[in-house]
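In what follows, a structure is listed as structure tokens, so that the remarks can point back to it.
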Amino acid sequence: MKVRVKLFAAARELAGSDTLELEIADRATLADLRLAVAKEFPALQKLLPHTLWAVDAEYAANDFVINGRSEIALIPPVSGG
Amino acid sequence: MKVRVKLFAAARELAGSDTLELEIADRATLADLRLAVAKEFPALQKLLPHTLWAVDAEYAANDFVINGRSEIALIPPVSGG
Amino acid sequence: MIQLTHEPIDTATIVERASHPQAGAIVLFLGTTRELTNGRQTVALDYEAYGKMAERKLAELEAEARRRWPVIECIVVHRLGRVPPAEASVAIAVSTPHRSDAFAAGQWLIDSLKRDVPIWKREEWADGTTEWVHPGLVNHRDTEDTEKKTKSI
Amino acid sequence: MIQLTHEPIDTATIVERASHPQAGAIVLFLGTTRELTNGRQTVALDYEAYGKMAERKLAELEAEARRRWPVIECIVVHRLGRVPPAEASVAIAVSTPHRSDAFAAGQWLIDSLKRDVPIWKREEWADGTTEWVHPGLVNHRDTEDTEKKTKSI
Chain A
629 MKVRVKLFAA
639 ARELAGSDTL
649 ELEIADRATL
659 ADLRLAVAKE
669 FPALQKLLPH
679 TLWAVDAEYA
689 ANDFVINGRS
699 EIALIPPVSG
709 G
Chain B
629 MKVRVKLFAA
639 ARELAGSDTL
649 ELEIADRATL
659 ADLRLAVAKE
669 FPALQKLLPH
679 TLWAVDAEYA
689 ANDFVINGRS
699 EIALIPPVSG
709 G
Chain C
1016 MIQLTHEPID
1026 TATIVERASH
1036 PQAGAIVLFL
1046 GTTRELTNGR
1056 QTVALDYEAY
1066 GKMAERKLAE
1076 LEAEARRRWP
1086 VIECIVVHRL
1096 GRVPPAEASV
1106 AIAVSTPHRS
1116 DAFAAGQWLI
1126 DSLKRDVPIW
1136 KREEWADGTT
1146 EWVHPGLVNH
1156 RDTEDTEKKT
1166 KSI
Chain D
1016 MIQLTHEPID
1026 TATIVERASH
1036 PQAGAIVLFL
1046 GTTRELTNGR
1056 QTVALDYEAY
1066 GKMAERKLAE
1076 LEAEARRRWP
1086 VIECIVVHRL
1096 GRVPPAEASV
1106 AIAVSTPHRS
1116 DAFAAGQWLI
1126 DSLKRDVPIW
1136 KREEWADGTT
1146 EWVHPGLVNH
1156 RDTEDTEKKT
1166 KSI
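Residue numbers (the working numbering), protein chains in the order written: chain A, 629 to 709; chain B, 629 to 709; chain C, 1016 to 1168; chain D, 1016 to 1168.
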């Protein structure tokens, strides 16, 4: 299954792109996705342990099962305000 | 000794004047002045127990000894803001 | 900066004065005339001050706030005279490097102002009556209202 | 009302929107760009948002504030893009019948915004370097600085 991951801030700059594209197994979770991102995009490895996931613009837990229709975003520690 | 007492808000309205004039004994305190005001201006009797004194634009204690040069004001419970 | 004024309070100017390149936070508090108090309708509030003493106390409060918190700019303005509903009777703006100090100083300043500064308000009720507000004092009118309520239960 | 904007924040309009005849208090919080952070000079902050999610989270925060406090008007505006020193990156205005609720709700809103809303700032330092701010992350540059300091002691 192909997934796209939206990137922001330092994650976007480290990856050199505002979107990642990866192939993951059907019924993979966000935890699986994190491992896949770390493997395929080494530039993000140091940042990844500090990030959260958003699915369809809402925070989502690591055990969330990814489907092909959702918008997935990697959320580094926020610093608005 | 003649003293003047500045009045504000309900005290001013109850007395019908923004200043009281009284004769008090030399070396009288503010506590003495309160008794004198209550006696000479009965309209203020109900309000007086709830008031503070100011001498020269600063709160002053009941045992303050009045001198002829100070500006004395009766301060009802404040309600600014 | 402290000020007593008979003019409407210009909040934009106050925020402008509180702004500073070393400030990370500005808290502006506005006390505004509320149209309903315990179900009774207010046409306006009318403020009176012992001007000389009120200015002195406000200056003391600003100085004390600066001792307690790392205040960069501090503006306290109290309006006098008639203040209609939704308009501000008091404005307090504080800027600090970090936000928690601005909130703490702003709240302390308005709490202290209401407790210590010789300013008084008079309610102008919709029924044409007026009433000085002196907290802790039960006025004749309030007593009547309470009796009526008690009887109607 | 919540808003993300690339324009300078108009605080006068926000205060105007927070005013209401049933309100006795308005608290306005402004987060402003600070020129110095730990002795380093900031030329500007540059804000980026995950727009769709930031708007949703801000709307949730407004709804939650209205559940917790008797909020009459609530305005939260966050500026995006480049914000020079002394200008506001965020404005939060809350009006309530009584002042303690306005302070509590305003402080809770900015604390929650900084913790939950997907917005990020990038420091633009006077030496020409830039640096995304990700709390909890030690970046390479900070590590170097710490090492230098440690060695010089």
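Yeah, the Cβ is synthetic: ideal placement off N, Cα and C, and Gly gets one too.
A1120(C) sits away from T1026(C), with the two beta carbons spaced by 8 Å or more. In this structure, A1101(C) sits near S1034(D), with a CB-CB distance shorter than 8 Å.
Close to chain D, meaning a Cβ-Cβ distance shorter than 7 Å, are the following residues of the region 694-706 of chain A: A701, I703, P704, P705 and V706.
Within the region 1125-1138 of chain C, those residues whose Cβ lies closer than 8 Å to any Cβ of chain B are, in chain order, I1125, L1128, K1129, R1130, D1131, V1132, P1133, I1134, W1135, K1136 and R1137.
By the C-beta density criterion, H1021(D) is exposed, having fewer than 16 other C-beta atoms within 10 angstroms. Looking at R1137(D), A1141(D), L1045(D) and G1143(D), the one whose alpha-carbon comes closest to that of P1150(D) is R1137(D).
Measuring C-alpha to C-alpha distances from P1112(C) to each of P1085(C), P1099(C), S1104(C) and L1128(C) identifies P1085(C) as the nearest.
For Q1018(D), no chain C residue has a Cβ inside 7 Å of its Cβ, as the nearest lies near 18 Å away.
For the 8 Å CB-CB criterion, A659(A) and D691(A) form a contact. Cβ neighbours of A682(B) within its own chain (closer than 6 Å, five residues either side excluded): A701 and I703. With distances taken between CA atoms, T1047(C) lies nearest to D1061(C) out of R1055(C), A1040(C), G1039(C) and D1061(C). In the displayed model, W1140(C) falls within a strand according to three-state DSSP. Residues of the region 1045-1063 of chain C with a C-beta less than 7 Å from any C-beta of chain D: L1045, G1046, T1047, R1049, E1050 and L1051, listed in chain order.
Considering only A1069(C), T1028(C) and R1049(C), the residue with the shortest C-alpha distance to R1130(C) is A1069(C). Taking the Cα of V1092(C) as reference, the smallest distance to any Cα among F1118(C), V1109(C) and R1049(C) is reached at V1109(C).
Residues L1076 and E1079 of the same chain have their beta carbon placed closer than 8 Å to that of S1127(C), with the five preceding and five following residues left out of the count.
Between A1064(D) and the set G1039(D), S1104(D), E1031(D) and A1040(D), the nearest pair of CA atoms involves S1104(D). When DSSP states are grouped into helix, strand and coil, I1125(D) belongs to the helix group.
Excluding its 5 nearest sequence neighbours in each direction, L680(B) has C-beta neighbours in its own chain below 7 Å: Y687 and I703, listed in chain order.
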